[in-house]
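The structure under discussion appears below in the form of structure tokens.
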Amino acid sequence: METLLIYLLVGAVAGTIAGLFGVGGGLIIVPALVMVFAALGISAEILTQMAVATSLATIVITSLSSIRTHHLKGAVNWSIFKAMAPGILIGSWFGGVTAHLLPGPWLQLLIGIFALVIAARMALSSQRHADLPADEARVPGGPGLAAAGAFIGWGSAIFGIGGGSLTVPFLSRCRVQIQRAVATSAACGLPIAIAGAFSFAVQGWGDSLLPAWTTGYIYWPAFFGIVLTSALFARLGALLAHRLSPKLLKKCFAGLLLVIGVRFIWLNSGLLFGG
20 METLLIYLLV
30 GAVAGTIAGL
40 FGVGGGLIIV
50 PALVMVFAAL
60 GISAEILTQM
70 AVATSLATIV
80 ITSLSSIRTH
90 HLKGAVNWSI
100 FKAMAPGILI
110 GSWFGGVTAH
120 LLPGPWLQLL
130 IGIFALVIAA
140 RMALSSQRHA
150 DLPADEARVP
160 GGPGLAAAGA
170 FIGWGSAIFG
180 IGGGSLTVPF
190 LSRCRVQIQR
200 AVATSAACGL
210 PIAIAGAFSF
220 AVQGWGDSLL
230 PAWTTGYIYW
240 PAFFGIVLTS
250 ALFARLGALL
260 AHRLSPKLLK
270 KCFAGLLLVI
280 GVRFIWLNSG
290 LLFGG
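Each residue of the sequence shown is one higher than the last, beginning at 20 in my numbering.
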């Protein structure tokens, strides 16, 4: 029962963050599941891959709720989404393959570094793009968007995120207005999560170290506990994104990511320094 309550809490926090910031609830889900799985005695060789895979599976559900809310507000740029989707699907599949080939501690180390990078970007970011009008003349053509989608999908699948941490900055640099960038990023999270989760399910299939109730690396008890709250709170987060200035909340979230990143790097620092 205690573990289920933890999954429910993780889902509530991650869903709100996904809808509010477009950064992907996986930034919270993956570190939380790593800690929970370690406490449950799951092998260190596979627990990080399980956390990433389960995070991606939950994002399939979370993104549906978030996409609907953004779509009803007319904020999703579907032409950009359609151009990026093929690359996203291919990249996300190979992201799962890459994460499968990495030893668990190395994957945790990369997640820790990624969390620090995102924390720094969120803490230092200004609102200088928020009031810029959309200027889609600066958006690349179809091949360029597909290539960007492939890279975003690959990186997102490795870290178990919905891709907002990569998609929103990319679209902002293309002069897409920030609310539309967040909404389009939410839409892109669906193919990332589907292809990435499927890849992890295939890569982990038949691993003797996996516990019961898994499909490949996807752990269903955690999945169902998280999605019970994440979809509801993703909708809440998406609504708040259109009503609140997230500047202070972003800095608080950056502080949380800083703690997560430092912890993961510290626990696996021996890989860098030979300890």
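Note that beta-carbon positions come from the ideal geometry of N, C-alpha and C, so glycine has one too.
Would PRO210 be called buried (16 or more neighbouring beta carbons within 10 Å of its own) or exposed?
Counting every other CB atom within 10 Å of its CB across the protein chains shown gives PRO210 a total of 16 or more, marking it as buried.
Could you check where the alpha helix (DSSP H) with CYS207 kicks off and where it finishes?
Taken as a continuous stretch (DSSP letters only), the alpha helix (DSSP H) holding CYS207 covers 197–222.
Shorter than 7 Å from the beta carbon of TRP285 to some beta carbon of chain B?
Absent from the structure: chain B. Only one protein chain is present.
Give the DSSP-derived three-state secondary structure of TYR236 in the structure shown.
The answer is coil: DSSP assigns TYR236 none of H, G, I, E or B.
Going by other Cβ atoms of all chains shown within 10 Å of its Cβ, with 16 needed for buried, is PRO50 buried or exposed?
Buried: at least 16 other Cβ atoms inside 10 Å.
Extent of the continuous alpha helix (DSSP H) to which VAL158 belongs
VAL158: not part of any alpha helix (DSSP H); DSSP gives it neither H nor E.
For the alpha helix (DSSP H) that contains HIS89, what are its first and last residues?
Boundaries of the alpha helix (DSSP H) around HIS89: 66–91.
Separation of ARG87 from GLN68, as counted between CA atoms:
Spanning the alpha carbons of GLN68 and ARG87 requires a straight line of approximately 29 Å.
By DSSP, does CYS193 sit in helix, in strand, or in coil?
Of the three classes helix, strand and coil, the one that applies to CYS193 here is coil, per DSSP.
Among LEU128, SER85, HIS89, which one has its Cα closest to the Cα of PHE252?
The option with the nearest alpha carbon to PHE252 is SER85.
In or out: ALA231 buried (at least 16 other Cβ within 10 Å) or exposed?
ALA231 is exposed by the Cβ-count criterion.
Please identify the residue among GLY60, LEU39, SER62, ILE80 whose C-alpha is closest to the C-alpha of GLY244.
Of all alpha-carbon atoms in GLY60, LEU39, SER62, ILE80, the one lying nearest the alpha-carbon of GLY244 is that of ILE80.
Are the beta-carbon atoms belonging to GLN222 and GLY115 less than 7 Å from one another?
Closer than 7 Å, so yes.
Assuming GLY256 contacts GLY45 under a Cβ cut-off of 8 Å, what Cβ separation, rounded to an integer in Å, is found between them?
A Cβ-Cβ distance of about 14 Å is found for the pair GLY256 and GLY45, leaving them out of contact under the 8 Å criterion.
Cutting at 6 Å between CB atoms, please list the residues of its own chain near GLN198, excluding the five before and the five after it.
Exclusion of the five residues before and after GLN198 leaves ALA94 as the residues of its chain whose Cβ lies within less than 6 Å of its Cβ.
Evaluate LEU151 with the Cβ neighbour count: other Cβ atoms within 10 Å of its Cβ, from every protein chain shown; 16 or more gives buried, anything less gives exposed.
Legend: pLDDT at LEU151 = 47, less than 50; position of this residue unreliable, value from coordinates given subsequently. Here LEU151 is exposed, its C-beta having fewer than 16 other C-beta atoms within 10 Å.
Ignore the nearest five residues each way along the sequence and tell me which others in LEU164's own chain have a CB closer than 8 Å to its CB.
So the qualifying residues of the chain are ILE99, ALA102, MET103, GLY106, VAL158.
Between the Cα of HIS90 and the Cα atoms of ARG254, GLY280, LEU247, MET141, which residue gives the shortest distance?
Considering only alpha carbons, the answer is ARG254.
Alpha carbons only, please: which of GLY208, LEU121, THR233 is nearest the one belonging to ALA220?
That would be THR233, whose Cα lies nearest to the Cα of ALA220.
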